[in-house]
Every structure is written in structure tokens, then in C-alpha cells.
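Written below as C-alpha cells is the structure these notes are about.
Number of protein chains: 2
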Amino acid sequence: MEQTNNYIDSNKDKFLQELIELLKIPSISADPMYAQNLLDCADAIAKNLVESGIENVEVLETKGYPVVYGEKIIDNSLPTILIYGHYDVQPPDPINLWESDPFEPTIKNTEIHPDGALFARGSADDKGQFFMHVKAVEAMINTNSLYCNVKFLIEGEEEVGSENLEDFLIEHKDKLKNDIILISDTSVLSMENPTLTTGLRGLSYLEVEVEGANRDLHSGLYGGAVPNPINILCDMIASLHDKNENVTVKDFYDKVSAITSEELKEMQKLPFDLEEYKNAIGLNDITGERGYSTLERTTIRPSLDVNGIWGGYMGEGAKTVIPSKAYAKISMRLVPNQNPNEITKLFSEHFKSIAPASIKVNVKAFHGGKPYVLPCTDKGYISAKKAMEKTFEKEVLPLRGGGSIPIVSTFEEILGTKSVLMGFGLDSDALHSPNEHFGLKNFYLGIKTIPYFFKYYSESN
Amino acid sequence: MEQTNNYIDSNKDKFLQELIELLKIPSISADPMYAQNLLDCADAIAKNLVESGIENVEVLETKGYPVVYGEKIIDNSLPTILIYGHYDVQPPDPINLWESDPFEPTIKNTEIHPDGALFARGSADDKGQFFMHVKAVEAMINTNSLYCNVKFLIEGEEEVGSENLEDFLIEHKDKLKNDIILISDTSVLSMENPTLTTGLRGLSYLEVEVEGANRDLHSGLYGGAVPNPINILCDMIASLHDKNENVTVKDFYDKVSAITSEELKEMQKLPFDLEEYKNAIGLNDITGERGYSTLERTTIRPSLDVNGIWGGYMGEGAKTVIPSKAYAKISMRLVPNQNPNEITKLFSEHFKSIAPASIKVNVKAFHGGKPYVLPCTDKGYISAKKAMEKTFEKEVLPLRGGGSIPIVSTFEEILGTKSVLMGFGLDSDALHSPNEHFGLKNFYLGIKTIPYFFKYYSESN
Numbered sequence: 000m001e002q003t004n005n006y007i008d009s010n011k012d013k014f015l016q017e018l019i020e021l022l023k024i025p026s027i028s029a030d031p032m033y034a035q036n037l038l039d040c041a042d043a044i045a046k047n048l049v050e051s052g053i054e055n056v057e058v059l060e061t062k063g064y065p066v067v068y069g070e071k072i073i074d075n076s077l078p079t080i081l082i083y084g085h086y087d088v089q090p091p092d093p094i095n096l097w098e099s100d101p102f103e104p105t106i107k108n109t110e111i112h113p114d115g116a117l118f119a120r121g122s123a124d125d126k127g128q129f130f131m132h133v134k135a136v137e138a139m140i141n142t143n144s145l146y147c148n149v150k151f152l153i154e155g156e157e158e159v160g161s162e163n164l165e166d167f168l169i170e171h172k173d174k175l176k177n178d179i180i181l182i183s184d185t186s187v188l189s190m191e192n193p194t195l196t197t198g199l200r201g202l203s204y205l206e207v208e209v210e211g212a213n214r215d216l217h218s219g220l221y222g223g224a225v226p227n228p229i230n231i232l233c234d235m236i237a238s239l240h241d242k243n244e245n246v247t248v249k250d251f252y253d254k255v256s257a258i259t260s261e262e263l264k265e266m267q268k269l270p271f272d273l274e275e276y277k278n279a280i281g282l283n284d285i286t287g288e289r290g291y292s293t294l295e296r297t298t299i300r301p302s303l304d305v306n307g308i309w310g311g312y313m314g315e316g317a318k319t320v321i322p323s324k325a326y327a328k329i330s331m332r333l334v335p336n337q338n339p340n341e342i343t344k345l346f347s348e349h350f351k352s353i354a355p356a357s358i359k360v361n362v363k364a365f366h367g368g369k370p371y372v373l374p375c376t377d378k379g380y381i382s383a384k385k386a387m388e389k390t391f392e393k394e395v396l397p398l399r400g401g402g403s404i405p406i407v408s409t410f411e412e413i414l415g416t417k418s419v420l421m422g423f424g425l426d427s428d429a430l431h432s433p434n435e436h437f438g439l440k441n442f443y444l445g446i447k448t449i450p451y452f453f454k455y456y457s458e459s460n
Numbered sequence: 000m001e002q003t004n005n006y007i008d009s010n011k012d013k014f015l016q017e018l019i020e021l022l023k024i025p026s027i028s029a030d031p032m033y034a035q036n037l038l039d040c041a042d043a044i045a046k047n048l049v050e051s052g053i054e055n056v057e058v059l060e061t062k063g064y065p066v067v068y069g070e071k072i073i074d075n076s077l078p079t080i081l082i083y084g085h086y087d088v089q090p091p092d093p094i095n096l097w098e099s100d101p102f103e104p105t106i107k108n109t110e111i112h113p114d115g116a117l118f119a120r121g122s123a124d125d126k127g128q129f130f131m132h133v134k135a136v137e138a139m140i141n142t143n144s145l146y147c148n149v150k151f152l153i154e155g156e157e158e159v160g161s162e163n164l165e166d167f168l169i170e171h172k173d174k175l176k177n178d179i180i181l182i183s184d185t186s187v188l189s190m191e192n193p194t195l196t197t198g199l200r201g202l203s204y205l206e207v208e209v210e211g212a213n214r215d216l217h218s219g220l221y222g223g224a225v226p227n228p229i230n231i232l233c234d235m236i237a238s239l240h241d242k243n244e245n246v247t248v249k250d251f252y253d254k255v256s257a258i259t260s261e262e263l264k265e266m267q268k269l270p271f272d273l274e275e276y277k278n279a280i281g282l283n284d285i286t287g288e289r290g291y292s293t294l295e296r297t298t299i300r301p302s303l304d305v306n307g308i309w310g311g312y313m314g315e316g317a318k319t320v321i322p323s324k325a326y327a328k329i330s331m332r333l334v335p336n337q338n339p340n341e342i343t344k345l346f347s348e349h350f351k352s353i354a355p356a357s358i359k360v361n362v363k364a365f366h367g368g369k370p371y372v373l374p375c376t377d378k379g380y381i382s383a384k385k386a387m388e389k390t391f392e393k394e395v396l397p398l399r400g401g402g403s404i405p406i407v408s409t410f411e412e413i414l415g416t417k418s419v420l421m422g423f424g425l426d427s428d429a430l431h432s433p434n435e436h437f438g439l440k441n442f443y444l445g446i447k448t449i450p451y452f453f454k455y456y457s458e459s460n
């Protein structure tokens, strides 16, 4: 392992320069104008994989942007790690808020990153993070210390919902066979409090339409005597939480499985300053489900939020209309073992059941995502914890994420293996925002941590 | 009176032709492109007033479009009637739904108007209606039977809020001195059930803004632990009505004055078919304040409606945002003696008082309008009722209007006199909509009714 570390130390500048070249490619999957850039980016990654000593490198077609695949199989008796990452990036908008060109990577020191951070779209999400694995594997190959077989799956549509990845997984199931999936697309709580993401919430997302009269009515002529769809939609939404902020959708909590007391005890070791939390988002007071802490409310408990609402007159000034229709987008974050399809069905039935007789209700369901959990007893979790504790030199604690990465559940369903979410970014790295950046220290620490994961995971098998 | 009736009968075609010429002018006050047409229209009306025998005709400047003034003072000891009307019209949009050109008046028979109706923008609202007065006065002058002094005030900004009329009234207060104001800018319930509008509801209109965090938040990372401004706005709006559909704004009903039992008894004689009412607007069921009929709810009772709501993501598909802000436009219809400024203040205070500590509330008030009522004991009301009963040959009943004509209260405040709302249109005449029309029978009946009003009003003084 000393040799591997030495290789990494002597190649720091080369690794950084190679990452900078990848970051210069505007691989924005949401905008068809950049289609050629995505193809170029896939080719550039394939070339880098080959140069790094990875074999059987291919740019594989999907119904959308291609997947870059590569592998290094050293011994069929050793475990196989599948590295997942994505080379596509979010649009840089609003472009005017960037202090440097999003596709001209720039190194600057910040308060949180006194050793420098690389500013560019995709630096942390996810080019900078998946590239740590490529370089770590290069270091292991070059120092003859690869402890596991390794496969790479780097996709180009994560930022637009990975719509074609499920079909790809089914088609290439054998090729992608693995013992554990390793992903760096999340963050640690802080460098002082490194964490591993042990769970993700699922998602159920719907749009509701409430219809009253068959046309917009004059509020002078009809006001007081007819159902107003906006008022009724507000009544219905208000009734979706009770006074304890529990979700009132019938049977909503039935399948919620409690977190183990061990994991909860570990989570509770994490520092949390409520005043700091409120100040960061400008709130005087917070609300949430009674009986749970803020950290629990955003990680191990399901929630319901209105994400959008509209109806009637939204322009300047005054218009005295009672609209025919009003709309809302409503989503629920789910925890193990809530099933998004079941929850969507429960919500639809409940929402229709609470509608007054005077109005019609339509409910449209969008694609959801399943919750995910990696038990703290999993060999992958234990190996990642040990690897990070080796390089961070701190205790590493489990932390459930509040958001959703639906592909992780899909991996488990199709490939049958668990994913370890070992991210090295920080929440302050401005992912999806202007001035996205990735600390150089985080980048190098990540490259050094990964070989330890390979070593410990191999030893645990 | 026989001579006057004969004059009207022999000049029917001339009157219609003159109205058609006025309707050809696209005097759309909302669109500055038509500014010259409004000036031309004012000049054409002034010319017609002169030709009709009306004296001291002037086109008087305002800060906006001019007012056409004229008078015929026959005897200072006789009462003076001020005729109010407006020569501006609504835009014809959506133009593609018109079956004939909105500014090429066309006569067609309809089910409700078997004797023909004149289709044109402004035919009923209000060129066709104020022109009845010009022609009735012409008939009275030419037959030497004018029973009262008469003044005309025809404005050009009614469809854009009569913003400059208050200043005009103050400036010309002496010139406009009168005993009663007569307005034909409303409708009758039907030709079989003629009605006089004895009241109008007032209006209080506000926009509310509810603010949570200082920026949009990711619903995965924060959902369940922070106040969602949309959910909270819905809670607050839902609480504005109690289970009996009473408005819960503190002291809201304090100044509501009850209708007299005589007027209520008269109103209740009007036919009302609830099934027909519901079918016309496509509703299975209706709601409203407990203990009141639909007719009462829309006329003599105040109401509160949300006219618009918006916040968060309103586009296609799903976005998992907890927005920083949510908005609503909320209006209240007021009845005598509720004061719009007082109600606006009560609402603002109430709305802020019900906000949870976690959010900030801003309330912006728009210009409101006072409610108006004409007692059934007023000489103007009695004269109009008698006049209409003479020509319609039916009992004429009082009907409160649910909408607002703020200028009527302004007249009372500045000029000190009551307005009689003696309209001859029908609600089915498509005012403000494509294919606006005015029945020829209604037009001629109006012209014949007006001299009786002059006669009875003169006799009652």
C-alpha cells in the first residue's frame, strides 16, 4: 500500500491535469445542443481508461447517450467491484452568477478549502468523483496491488433521470456481474465529521387537478355560492397533515420500518446545531413531525410537500375570477419499506376520497423512486468505513440521505447487489448551482481511500 | 306621451342606423393603439347630442380619454336627471370566436331574441344602452314633452376602471348638479321577469406573500423539517372559512346591515331554479354560507374567494423543490355597510395573526370599491319601477347585483345623489365576451321606458 500511496503522490499533477481536460467538455445532457460534446466526453473517458491500464474498454450504445465500460479482471476467485459514475453535468444556468467560466476549470482557495478547490461544472458532480476511481485503479495496477477485480460503468444521463439505464442493465446483466457497487456521488458531513451514506429516501410524485365550474366565473356574480377550486384545493392540502404534522394519507405509515437502535445511536453522534441550521436558510423557527429530531425528520421519516401550486389569475394587479381549475404538484419522500407505487395509489385514493361532492379531481402520477438502505453490518459498509477512517483519521459515522438516487434501487433489483455510497464532496460545494467546486484535498484523499476499500473488501471475503 | 311614443315608432330605423354608426368605431380603451378611435367616438357622440336637440354640448378633457357632456335645462324648478354612460368598449378578444366582425354591426335572430339582435362589441355594454337615453330625450324634446331637466355624462374609461372620473367629478361638481342619476349599464333577469338593480357589492382585493426559507430548498434534503410556504399558505387559506362557510376574518361581519324584510320578500318572488343554475355552469353540487339561499349568497351576503394562487414549480413534469415563497390573490365582496378600507385592514391583521412563527407574511392591498344600495323607498326606484311596469306590462322586482360598479358610490360621495340602475340588457347578451349583442326589442323598449321615468320622477317631486 505504501507503493500505491507513493504512486498517487508522484502523479498528483498529472491526475489533476487529466481531470481538468474532462471538465472542459460541456457535457450537458439536458440540452440537445451539446449532444456532440457528450459523445466526445464518452470517448475521452474511454481513452483515459485505456491509458490507465483498464481493459476491454467500450463505449456502449443505449437509447440515449452511451455508457463507457471498462474492466480489469485479475482473478476470478477474487471479488468484483463495479464502479458507477456519470459523465454528464447539469446546465450551468444562471450563467451570470459564475465567477469563472463553468467550462474553464479554475483553482481558487476558499475558507472551507484552504488548500484550493477546482471550480467547474461537474467538478464534484460527478466527473471529479468518478475520476478518483479511475486514478486509484491506475495506481493499484501500476503498483501491482489490485486486490479485487474491477468494472466501470460511467453513464451520460444521470442528470436527466437515467431513463435508459434500466434497459442497459438488463441487456448487459452478465457483463456487469459484481459483488458490490461503489459510487462516489454524495458528500461527507464535513472533513472533521466524515460520514457514509447508508440510506436514501424514495419518492412518490403526483400532480393533482381540482375542477369546479366548467368555465371561469366572475367572482362578483358567483362569489359565495359556488365551489372555488383554489379554496377547495387549499382545504384538501391543509388536511394532508394533522396537528402533529403527521401525514394523514390513509395507511401511509403502515410499511415504514424503524431504523435499528445501533444505527440510530451512531447517527446521533453526529454534531447538529439547530441555530446554525436555521440561520443557514434564514428561518426563525422550524416545524416537522412531532417526536422526531430535525435529522430524523429528513432521513428516516417520510414526508409530504407541495412542490408547486397554481390556478386563477397570477398576473399584475387585480382580476376578480373564480377559476374553473386549480393545480398542485405534491411529492412524498419515502423510507424503507414504503413502495412508491403503493404510496402513489394510497395518495390518489385518499385525495379523491376527501374531495367535496361539488368538485372533480384528477390525479396524475409521475415516475417515483424506491427508498434504499445499506445495513451497517454489510461488508461493503464496513470496508468503506475502515478505508475512510484510515485516510481521514477520524471516526466515520453512518448518515441517511434525505434525497433519492433511484438508480441505486434499480441496481439492487436487476444486478442483485448493494451499493456503497462513499462520497468525498461537501454539501457546500454548490452542486447544481453556480460556482460548483471540488476541494483538491478531497480529490486526493478520495484517490487514496479507494485502494484501502479494495484491500479491506477483499480481506472481508 | 302618445306623441312621444309615436315619434319613437316613426324613427326606429333612424335610431338603429345611428347606433350602428357608433358601433363601427373601435373605441377600445384598454389598447393605446385605438386612442384616435376613442377621440373620434367622443366627437361622433357630441355631434349626435347636438342633432338630437341637446344643448351646451362639450367634449371635456380629463387626464385620460375625454367626457362628452350635454344638457337640456328647461325649467330650474324642475328636477334634473343626470344620465351616465360610457362610450369605450372591451377588447374583442378572442377575436376568432366572433361569428361576425365585432365592429361591423350585424342583425341576427336568436332563440332569446326572435325579433332580432344587434351583434357588435359595445352593442349592450354600453353604447346601445346609453344611446337609448339620447334617443328618448330627442323624442321628448321633439314632442315638447320633456318633464325634467337632463344632463349627459358619457365617459371613455369605464372598461379600464374610470380612473380619472373622480377628479373630473370634483372639478365639474357644479355643472353636474342633479337630483338623481340614471344609468343603463346592467340587465334585467328576463323579459318575463324584469328587475331593477337595487344594490351592488363592494370589493376588497389583496395579494398575500408567504415566505419560508431564504432560498428554494431541495425537498429531499429538507422535506419534513422546514416550513413549506405552499403548505402553510394552504393551511392559512383553509382557515379563512369555518365549517359553516362563514368568513373567519375577525370582525368581518360586524358592520353588515340586514336587508329589509320588504325588499327580501320582493326578491324572493323572483324565479330561481337551482338545477338550471348548476347545469349552466356544469356543477353537480354547490356550496356556500349555511342558512342563506344561492340568491342571497351572491347579493346580500359578503364572500371571500381566492382569485389566484401560485408558487414553486409550475412547469411540465416533476421538480422536487420547497419554494422560498408562495402567493395568492384574495378578494372579498362586501355588502352595505362594510367599508373596503376597513375590511382590507381587518383582513391584513387577521392574516398576519394566523401565520405560524416560522414564516413571514406580506400583504399588499389593491384599490377596492364600496358597496351600494338604492332603497326601494327611493323616489328614483319607485319611478323606474312604475316606468318599466308600464312598458314591460309585468311586475318589476328588485334584485341586488353581486358585482361592483365602484363609480356609483363615488357619485354618491361627490355629487351627493343616488343612482338608479335601470338596465335593459340580458345576462345572456355576452358582455365582455365574443358575439356581444343587444336585442332590438330591448333597445326600443328602453327608449320607450325612459320618458315614463322622466314623467313619474317629475310627478313624484
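First to last, the protein sequences are chains Z and U. End of the first sequence sits at 460 in numbering that gives the first Met the number 0; the numbers just go up one at a time, nothing left out. End of the second sequence sits at 460 in numbering that gives the first Met the number 0; the numbers just go up one at a time, nothing left out. Where is the CB? At the ideal position from N, CA and C, for every residue including glycine. Remember, it's a predicted structure, so these values are computed and weren't measured experimentally.
Where F437/Z falls, given that 16 or more other Cβ within 10 Å makes a residue buried
buried
I446/Z versus G310/U - alpha carbon distance:
43 Å
Beta-carbon proximity check, A383/U vs V372/U, cutoff 9 Å:
no
For a contact defined as C-beta to C-beta under 9 Å, what are the partners of Y312/U on chain Z?
N306, G307 and K328
Taking 6 Å as the limit between beta carbons, can you name the residues of its chain near L359/U, skipping five residues before and five after?
Here residue 359/U is Lys; the residue named in the question, Leu, does not match the sequence. The residues are E210.
If you check the beta carbons only, do N460/U and P78/U fall under 9 Å apart?
yes
Taking C-alpha atoms, which residue in Y312/U, G222/U, A119/U and K363/U lies nearest to D87/U?
A119/U
Under 8 Å: do the stretch 286-295 of chain U and the stretch 267-276 of chain U share three or more Cβ pairs, one atom per stretch?
yes
Output, in sequence order along the chain, the residues in the stretch 392-417 of chain Z whose CB is closer than 8 Å to any CB in chain U.
G400, G401, G402 and S403
Between the Cα of E103/U and the Cα atoms of I182/U, A325/U and E435/U, which residue gives the shortest distance?
E435/U
Listing by chain order, which chain Z residues have their CB less than 7 Å from the CB of D234/U?
A237
Which of helix, strand or coil does DSSP assign to G470/U?
Not covered by the structure: residue 470/U. The range shown for chain U is 0 to 460.
Alpha carbon to alpha carbon, what distance is there between S357/U and K172/U?
52 Å
Pick from A212/Z, K324/Z and C233/Z that is closest to G281/U, judged by C-alpha positions
A212/Z
Can you give me, in chain order, the residues of the stretch 346-365 of chain Z that have a beta carbon less than 9 Å from any beta carbon in chain B?
Reference to chain B is not applicable here, since the protein chains of this structure are Z and U.
Could one say the Cβ of D284/Z lies closer than 9 Å to chain U's Cβ atoms, at least one of them?
yes
Cα-Cα separation between D92/Z and K11/Z, rounded to whole angstroms:
31 Å
Evaluate contact between the stretch 373-381 of chain Z and the stretch 413-423 of chain Z, counting only Cβ atoms and requiring at least three cross-stretch pairs below 8 Å.
yes
Give a yes or no on whether the minimum CB-CB distance between A317/U and chain Z is below 9 Å.
yes
For a contact meaning CB atoms closer than 7 Å, what does V334/Z contact in chain U?
Here the premise fails: no neighbours, minimum Cβ distance about 10 Å.
Report the neighbours of V211/Z on chain U: residues whose CB is nearer than 8 Å to its CB, in chain order.
Here the sequence assigns Gly to residue 211/Z, which means Val is not the residue at that position. Correct list: L282.
Is there at least one Cβ from chain U nearer than 9 Å to P104/Z's Cβ?
no
Where V419/Z sits in the DSSP three-state scheme
strand
With a cut-off of 9 Å, does the C-beta of A257/U fall near any C-beta of chain Z?
no
Look at A317/Z and Y204/U and say whether their C-beta atoms are less than 9 Å apart.
yes
Taking contact to mean 3 or more Cβ pairs, one atom from each stretch, closer than 8 Å, check whether the stretch 126-144 of chain U and the stretch 6-22 of chain U are in contact.
yes
Check distances from the C-beta atoms of the stretch 147-173 of chain Z to those of chain U and list, in chain order, the residues that come in under 8 Å.
none
Label D234/Z either buried or exposed according to how many other C-beta atoms from any shown protein chain fall within 10 Å of its C-beta, with 16 as the threshold for buried.
buried
Starting from the Cα of Y64/Z, find the closest Cα among V56/Z, L37/Z, I72/Z and S9/Z and give me that residue.
L37/Z
How would you call K249/U, buried or exposed, if buried means at least 16 neighbouring beta carbons within 10 angstroms?
exposed
Where does the unbroken beta strand (DSSP E) through H366/U begin, and where does it stop?
K359 to G368
Check D331/Z in the structure and name its three-state DSSP category.
It is worth fixing the name first, because residue 331/Z is Met in this sequence and not Asp. Residue state, collapsed to three classes: strand.
Between the stretch 1-11 of chain U and the stretch 99-114 of chain U, are three or more C-beta pairs nearer than 8 Å?
no
Listed by chain order, chain Z residues near S203/U by CB distance under 8 Å:
Correct list: empty, because the minimum Cβ distance to chain Z is about 10 Å.
Chain-ordered neighbours of E288/Z on chain U, where CB pairs are closer than 7 Å
G223
Could you give the C-beta distance for S260/U and T247/U, rounded to a whole number, given that I count them as a contact under 8 Å?
So it is not a contact: roughly 28 Å between Cβ atoms.
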